Amino acid sequence: MDAAGLSIMHPVCAPGRNNAGAPPVQCAMDRFRQDLRVALRGLSRDRAFSVTTIATLALCLGANIAIFAVVDGVLLKPLPFDESDRLVAIYNQYPGAGVEIAANGVPDYYDRLEALTALDGLAMYRQTGLTLGGDRGAPERLI
Numbered sequence: 002m003d004a005a006g007l008s009i010m011h012p013v014c015a016p017g018r019n020n021a022g023a024p025p026v027q028c029a030m031d032r033f034r035q036d037l038r039v040a041l042r043g044l045s046r047d048r049a050f051s052v053t054t055i056a057t058l059a060l061c062l063g064a065n066i067a068i069f070a071v072v073d074g075v076l077l078k079p080l081p082f083d084e085s086d087r088l089v090a091i092y093n094q095y096p097g098a099g100v101e102i103a104a105n106g107v108p109d110y111y112d113r114l115e116a117l118t119a120l121d122g123l124a125m126y127r128q129t130g131l132t133l134g135g136d137r138g139a140p141e142r143l144i
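Numbers 2 to 144, taken from the working numbering, label the letters of the sequence shown in order.
This is how it looks when you write it as structure tokens:
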């Protein structure tokens, strides 16, 4: 730094000069340091603006991280099963009653377990709903 408190750039990297003698990385770092000092000086002048700016950046960064975590876990990572592309879902259908997809019961599971030889294995899961209610207000369906 010089006596006025200003940073001195690499002599070859100074604005308006031919940058042929300095390494490009050196000039880029000098410009970055200078831009960073100007930005920090501007933020230190107005504290309310600084707090608002930093809080906004933190909130946006947190939201982006949360969204990416969901996308990564749901869409990008493969399922935790061997050959997960071969998984299938089996439903009951009752076209005469107008039901295209119906749940499977435990007897259906055991019937298929004995009858289906084309599948390597069979598993059953249960999807349930959850309702939150209390003394105040109407119950609210969560799932």
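Idealized CB from N, CA, C, for every residue including glycine.
In this text the structure is predicted, and so the values were computed from the model without any measurement.
Closest in alpha carbon position to I55, among L44, N65 and A64, is L44.
In the DSSP assignment, E115 falls outside any beta strand (DSSP E) and lies within the alpha helix (DSSP H) extending over V107 to A116.
Taking C-alpha positions only, P79 is separated from D121 by approximately 20 Å. Annotated as proximal: L133 and E141, with beta-carbon spacing under 7 Å. A Cβ-Cβ contact shorter than 7 Å links M125 with Y110.
Contact between Q94 and A103 holds: their C-beta atoms lie close to 7 Å from each other, under 8 Å. Residue pairing from DSSP places R142 in a beta bridge opposite T132.
As a beta-bridge residue in DSSP terms, A103 pairs with N93.
The beta carbon of S85 is closer than 7 Å to those of P79 in its chain, skipping five residues each way along the sequence.
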